[in-house]
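Encoded as structure tokens, the structure appears first; notes follow it.
Numbering (UniProt numbering), first residue to last: 1 to 257.
Dropping the structure here:
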């Protein structure tokens, strides 16, 4: 755990900053901008502990109210995270893909300019679970291929997905292919055209298994994205559950009217 040295804090009430104090911009907003600049520049690194509220008040010559408001808003925006008994930490850069057309979550991360690393942690044939039975329109117990993957950016898990492939409609897949290539590319490379998809968003309380996949505590609320893909004959061919890290992943949907 890295703690940001207090020597990096520049007093706001120094001579050079009298202009700021006399401006109409609220002090909490000035402090918020100051901290964001430190984070954006990399001077305050991800996973490091920032000075406490009391230290910031003393070093910057500010009262409790603007310091608390600035930190609270940065926590709400996902730039900082409070950990009970440990302090306030700088979060890792969030992956925020924008949805405008049907693409996979890993492909969206690539389009953001990120370099996701995919690890296949489970890969086996299994009987279809109830969710997949309902979504894929297959008989209970139908043999399916199940693959669970962890997707990391900058060494930290961003999301994990649980994929169920209809063996009768999907090509033969390998763990190596699923680690190196997106699901869409794999299917289409093997002559399976993905015509459309349906997604449903919700929240999920992480059980022990999901918490272990995402590197979060059991009981943490995470974003759940259910995706169902159809081929060009309108047959459901793949169903997935994507569990997204609450501090490292956000999803933006671009809407027009």
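Glycine included, C-beta positions come from ideal geometry on N, C-alpha and C.
Note that the coordinates shown come from a computational prediction; the quantities given were computed from them, not determined experimentally.
So the beta strand (DSSP E) residue 250 belongs to, where does it begin and stop? Here residue 250 belongs to no beta strand (DSSP E), and DSSP marks it neither H nor E.
Endpoints, alpha helix (DSSP H) assigned at residue 216: Residue 216 -> no alpha helix (DSSP H), and no H or E assigned at all.
For residue 147 and residue 178, believed in contact at Cβ under 8 Å, the rounded distance: 5 Å
For residue 230, which residues from the same chain have a beta carbon less than 6 Å from its beta carbon, with the 5 sequence-adjacent residues on both sides left out? 195, 196, 236
Enumerate, from N- to C-terminal direction, the unbroken beta strand (DSSP E) stretches of 3 or more residues contained entirely within the segment 100-163. If only uninterrupted beta strand (DSSP E) runs of at least 3 residues are considered, those enclosed by the segment 100-163 are 117-127, 143-153.
Close-in-space but distant-in-sequence residues of the same chain around residue 81 (CB under 6 Å, 5 per side omitted): 89, 91, 247
Under three-state DSSP, which class holds residue 32? helix
Near residue 119, which residues of its chain fall below 7 Å by C-beta distance, leaving aside the five closest residues on each side in sequence? Hits under 7 Å: 149, 150, 179.
What would DSSP say about residue 56, mapped onto helix, strand or coil? helix
Reduced DSSP secondary structure (H/G/I, E/B, other) of residue 259: Past the boundaries of the shown model lies residue 259; the chain is included only from 1 to 257, so the question cannot be answered.
Specify, as a first and last residue, the run of the alpha helix (DSSP H) that residue 82 falls within. Element bounds for residue 82: not the alpha helix (DSSP H) but the beta strand (DSSP E), 80-83.
Looking at C-beta atoms only, is the number of pairs between the segment 179-194 and the segment 152-160 that lie closer than 8 Å three or more? The segment 179-194 vs the segment 152-160: no contact.
Residue environment, residue 51, which counts as buried when at least 16 other CB atoms sit within 10 Å: Label assigned to residue 51: buried.
Between which two residues does the alpha helix (DSSP H) harbouring residue 71 extend? 64-76
Using DSSP with H/G/I as helix, E/B as strand and the rest coil, what is residue 194? strand
Rounded Cβ spacing between residue 35 and residue 70 (contact assumed at less than 8 Å): 7 Å
According to DSSP, which residues form a beta bridge with residue 232? DSSP lists no partner for residue 232.
Ends of the alpha helix (DSSP H) at residue 175? 175-180
Suppose you measure from the CA of residue 251 to the CA of residue 202; what does that come to, to the nearest Å? 12 Å
Assuming contact is defined by CB atoms lying nearer than 8 Å, are residue 163 and residue 238 in contact in what I supplied? At a Cβ-Cβ threshold of 8 Å, residue 163 and residue 238 count as neighbours.
Burial state of residue 221, where buried means 16 or more other Cβ atoms lie within 10 Å: exposed
On a CA-only basis, which of 129, 131, 165, 49 is nearest residue 186? Give me that one, please. 165
Please state if the CB of residue 158 and the CB of residue 116 are separated by a distance shorter than 8 Å. Yes, they are a contact pair.
Residue 176 to residue 218, Cα distance in whole Å? Separation of residue 176 and residue 218 (C-alpha to C-alpha, rounded to the nearest whole angstrom) is 30 Å.
May I ask which residues mark the beginning and end of the alpha helix (DSSP H) holding residue 187? That run of the alpha helix (DSSP H) goes 183-189.
Would you report the Cα separation of residue 242 and residue 223, rounded to the nearest angstrom? 8 Å
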